[in-house]
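Note sheet for the following structure.
Residue numbers (this note's numbering): 509 to 696.
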């Protein structure tokens, strides 16, 4: 019986697993991911002021890009704002987290049943733990009213240098039709 099973290898559960593996290496934990790798297909970005300097140092191996300053653009106002901005790619996240967690990670592990102390995989394998955390995302609940944003990501590879030295984290200069719209540009 494990101490902890984390179901879902996204950002939250993987960071939980990493912190626990570092702070309590004797803890028997397992992270189950239905897909081929931790982290899925995402780019996570954050302001340096969102976390402490110690947390930024801990996250540094995951970060693929750092910028000083960022731009915001509205139809009648544009500003460059101070502060650091950072991005983590799912590829780098999976590489670093996978190396640190090793055999504590099981990919292609599709869960059929999840209970507080028991997980049954689709292949019938039963796993038991003192506790299980479901990190697969929100589910419908009468006690939870969830809003959402829609993001569409697109990578563009240019034939010439783009000339940008910082991200544009909000460009709302386009026509606003059926909701608030903006572009988000990360100059990798």
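Using N, Cα and C, we set each Cβ at its ideal position, and we do this for glycine too.
Using the three-state DSSP reduction, which class does residue 542 fall into: helix, strand or coil?
coil
Taking just the CA atoms, how far does residue 594 sit from residue 661?
17 Å
Using the three-state DSSP reduction, which class does residue 655 fall into: helix, strand or coil?
coil
Could you tell me which whole alpha helix (DSSP H) segments of length 4 or greater appear in the stretch 515 to 591?
519 to 531, 561 to 567
With a Cβ-Cβ cutoff of 9 Å, do residue 537 and residue 517 count as a contact?
no
What residue range does the alpha helix (DSSP H) around residue 601 cover?
598 to 609
Do you know how far the Cα of residue 685 is from the Cα of residue 604?
41 Å
Residue 679 - partner residues in DSSP beta bridges:
581, 691
Please state if the CB of residue 553 and the CB of residue 695 are separated by a distance shorter than 9 Å.
no
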